[in-house]
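Colleague: Each residue of the sequence shown is one higher than the one before, starting from 2 at the first, in my numbering.
Here a beta-carbon is modelled for each residue, glycine too, at the ideal position from N, C-alpha and C.
Sharing a structure with you now.
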Amino acid sequence: MVIKMMFPIFQLVIFVAESLPYIVCVVAGLILIVRPPLRKFVVVTPPLILLGLCCFVLYESHDIAKQDGYDMSKPTLREALETYIETGDGDLHTILEGKIYPPVFGKIELQRYLRTWLAGAWFHDTAQDASYLPEAYNKGDDWFEATLGEPMVYTGAIYTGPNETMWNAQLKKLDFIAHALGVKPGDKAMDIGCGWGRLSNHLASKGAEVTGVTMSSDQQAYAQRMSSKLGNKNVKIELTNFFDLDVPAKSFNVISSVEMAEHVGIRNYNAFLRRVHTMLADDGTFYLQVAGLPRGYAEGYNHYEDLVWGMFMDEHVFPGADASCPMGWVVTHLEQAGFEIQSVYNMGNHYSRTLHHWLQVWEAKKTEVVKAYGERSWRRWRVFLAWSVRTARRGGSTVKFITATKSGNEKARIAAQDRLAPGVFQLPENAGCPGGGPADVLR
């Protein structure tokens, strides 16, 4: 028997999250028009359907794991990992790769989905962002320096050889973004979710006037120190929610959003893209780099491990990042917001290699991290990195590099397609690390 989901579960999850307002309106309308004896049936039907879907997921995830040869008497994969986090018992590589613990959707995942994820997706707003984003990114510079290493770039890189250093791989990604945007001296650039400022400063080195946006005070301070050290007076780092920015329409020639849009939320995704569209000049370029899970159509592949990993990430790493959606979903929303896609790259394996580099840095920094944060925190982050290496490698998550222009703008689309044509751009072979990363001057 071929292992396959009966339904593409993640696609159904997205549908439920997107459709709540319409479901509520339909139910309210039916309550008004049906005969009184049928109203109770109308009210209870949607919750019963959701409950039935949850029961089906619990059953099917166990059934698929059994078909795949797992010993169902063992703890679930998530339970084994939580035990490792709490006690340190077991070998992490064996837990993840040994095919011992069934990757089933269980009680932990169901509780997280119903209590937190679903409600968060339905009612996602800027107040939620203000709570979740500092929680995710204000962990301390030393924490992220012990993860990201010298570049301090928290996004997938581009690798062109087996022995690529992390800095070279990240610089190639930064140079690719600058090329994809077509940034040139004098351009007005916005970097949404600018992190610790590396891309903002890279665009500034190309001569652009850059506005970086972050909701993390730690990141803002770090990015400002980086700009000062590099002597980039053409970088401004704003501590605010992107939705709260007060700028005139068509203010920016280029706009980038690198692995930030996941935090916007399914509910607000189209509003986010429409606002980007409004801020972008008519002949401008938008670069969107975004991570996401597959829909669930594969045969011979257990998608439930992807969902179990996603629930872990939502709880322990990126709370509120409910818009980690499939490529087709993202492209559809871009087109609905008025963009034309000019280039898309699926870079999931490169993301896996990036995560593996981060894992190596984290393991090398164990003594310092444990001294500052304790063994449990070190193990929890190690699980995140090691599990994500596996998930991105096998296709359970991927990263898309998307370049878009405004639909209907002939000048922008011709320029973008010319510079993004295969073979036009050559990635640099080697580069230094301008400004360093975790140097004392940046602390």
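Go through its chain and collect everything with a Cβ distance to N271's Cβ below 8 Å, but skip five positions before and after it.
Modeller: The residue labelled residue 271 in the question sits at position 270 within the sequence shown. Closer than 8 Å at the Cβ level, and outside the excluded window around N271, lie H334, Q337, A338.
Colleague: Who does L240 pair with in a DSSP beta bridge?
Modeller: Along the sequence shown, read from residue 1 onward, the residue named residue 240 stands at position 239. Answer is T215, bridged to L240.
Colleague: Report yes if the CB atom of V390 is closer than 7 Å to the CB atom of H358, and no otherwise.
Modeller: In the sequence shown, the residue the question calls residue 390 occupies position 389. In the sequence shown, the residue the question calls residue 358 occupies position 357. Contact: no.
Colleague: Using CA atoms only, rank isn't needed, just tell me which of W379, K237, G232 is closest to G194.
Modeller: Residue mapping note: residue 194 aligns to position 193 of the sequence shown, counting from 1. Nearest option by C-alpha distance: K237.
Colleague: Tell me the DSSP bridge mates of G293?
Modeller: Stepping through the sequence shown from its first residue, residue 293 is reached at position 292. In the DSSP output, where bridge partners are listed per residue, G293 has T399.
Colleague: Quick one: what does DSSP say Y223 is sitting in, helix, strand or coil?
Modeller: Here residue 223 refers to the residue found at position 222 of the sequence shown. Helix.
Colleague: Note down, one range per segment and in chain order, each alpha helix (DSSP H) of at least 4 residues found wholly within the stretch 291-343.
Modeller: You should have 305-317, 328-337.
Colleague: Mind checking who D192 pairs with in its DSSP beta bridge?
Modeller: Taking the sequence shown and counting its residues from 1, one reaches residue 192 at position 191. Answer is G213, S257.
Colleague: A158 and T355 - do their beta-carbons sit closer together than 7 Å?
Modeller: What you label residue 355 is simply residue 354 of the sequence shown in a count that begins at 1. What you label residue 158 is simply residue 157 of the sequence shown in a count that begins at 1. Going by C-beta atoms, T355 is nearer than 7 Å to A158.
Colleague: Roughly how far, in whole angstroms, is the beta-carbon of L386 from the beta-carbon of L360, given that I think they are within contact range, below 8 Å?
Modeller: The residue you call residue 386 lines up with position 385 of the sequence shown. The residue you call residue 360 lines up with position 359 of the sequence shown. 4 Å between Cβ atoms; contact.
Colleague: Can you confirm whether F385, when its beta carbon is compared against all beta carbons of chain D, has any partner nearer than 7 Å?
Modeller: You won't find chain D in this structure, because it holds only one protein chain.
Colleague: Determine, using beta carbons only, whether W388 and L97 come nearer to each other than 7 Å.
Modeller: Within the sequence shown, numbered from 1, the residue matching residue 388 stands at position 387. Within the sequence shown, numbered from 1, the residue matching residue 97 stands at position 96. Yes, the pair counts as a contact, with Cβ atoms nearer than the cut-off.
Colleague: Is the beta carbon of V384 sitting closer than 7 Å to the one on P104?
Modeller: Reading the sequence shown from its first residue, position 383 is the one you call residue 384. Reading the sequence shown from its first residue, position 103 is the one you call residue 104. Their beta carbons are not under 7 Å apart, which means V384 does not touch P104 by this criterion.
Colleague: Over what stretch of residues does the alpha helix (DSSP H) that includes W197 continue unbroken?
Modeller: What you label residue 197 is simply residue 196 of the sequence shown in a count that begins at 1. That residue, W197, is in no alpha helix (DSSP H); it is neither H nor E in DSSP.
Colleague: Which full runs of the alpha helix (DSSP H) of 4+ residues lie inside the stretch 67-93, going along the chain?
Modeller: With a minimum length of 4 residues, the continuous alpha helix (DSSP H) runs that stay inside the stretch 67-93 are 78-88.
Colleague: Please name the residue, chosen from F8, M280, I15, that lies closest to E325 on a Cα-to-Cα basis.
Modeller: Here residue 325 refers to the residue found at position 324 when the sequence shown is read from its first residue. Going by the sequence as given, residue 325 is Ser instead of Glu. Among F8, M280, I15, the Cα nearest to that of S325 belongs to I15.
Colleague: Could you tell me the alpha carbon to alpha carbon distance between Y374 and V27, rounded to whole angstroms?
Modeller: Indexing the sequence shown from 1 puts residue 374 at position 373. Indexing the sequence shown from 1 puts residue 27 at position 26. Going by the C-alpha atoms only, they are around 50 Å apart.
Colleague: CA-CA distance, V265 and S258?
Modeller: To locate residue 265, count along the sequence shown from 1; it is residue 264. To locate residue 258, count along the sequence shown from 1; it is residue 257. Between V265 and S258, the C-alpha separation is close to 11 Å.
Colleague: Buried or exposed: where does A250 fall if 16 or more other Cβ atoms within 10 Å of its Cβ makes it buried?
Modeller: Walking along the sequence shown from the start, residue 250 turns up at place 249. The residue is exposed, with fewer than 16 neighbouring Cβ atoms inside 10 Å.
Colleague: Cα separation between D284 and K173?
Modeller: Residue numbering aside, residue 284 sits at position 283 when the sequence shown is read from its first letter. Residue numbering aside, residue 173 sits at position 172 when the sequence shown is read from its first letter. Computed Cα separation, rounded: 25 Å.
Colleague: To the nearest angstrom, report how far apart T406 and N233 are at their CA atoms.
Modeller: As a working note, residue 406 is residue 405 in the sequence shown. As a working note, residue 233 is residue 232 in the sequence shown. Straight-line Cα distance between these residues: approximately 28 Å.
Colleague: If you draw a straight line from the C-alpha of D64 to the C-alpha of L421, how long is it?
Modeller: The sequence position of residue 64 within the sequence shown is 63, counting from 1. The sequence position of residue 421 within the sequence shown is 420, counting from 1. For D64 and L421, the distance between alpha carbons rounds to 45 Å.
Colleague: Go through its chain and collect everything with a Cβ distance to Y85's Cβ below 8 Å, but skip five positions before and after it.
Modeller: Locating residue 85 in the sequence shown gives position 84, counting from the first residue. G91, L93, I96, R380, V384.
Colleague: Please work out which residues of its chain come closer than 6 Å, Cβ to Cβ, to V154, disregarding the five sequence neighbours upstream and downstream, and give them in chain order.
Modeller: Position 153 of the sequence shown holds residue 154. Closer than 6 Å at Cβ, skipping near neighbours: Q171, R199.
Colleague: Taking V27 as part of the alpha helix (DSSP H), name the residues at either end of that continuous run.
Modeller: Counting from one through the sequence shown, the residue named residue 27 turns up at place 26. It spans 10-34 - the alpha helix (DSSP H) in which V27 sits, taken as one unbroken run.
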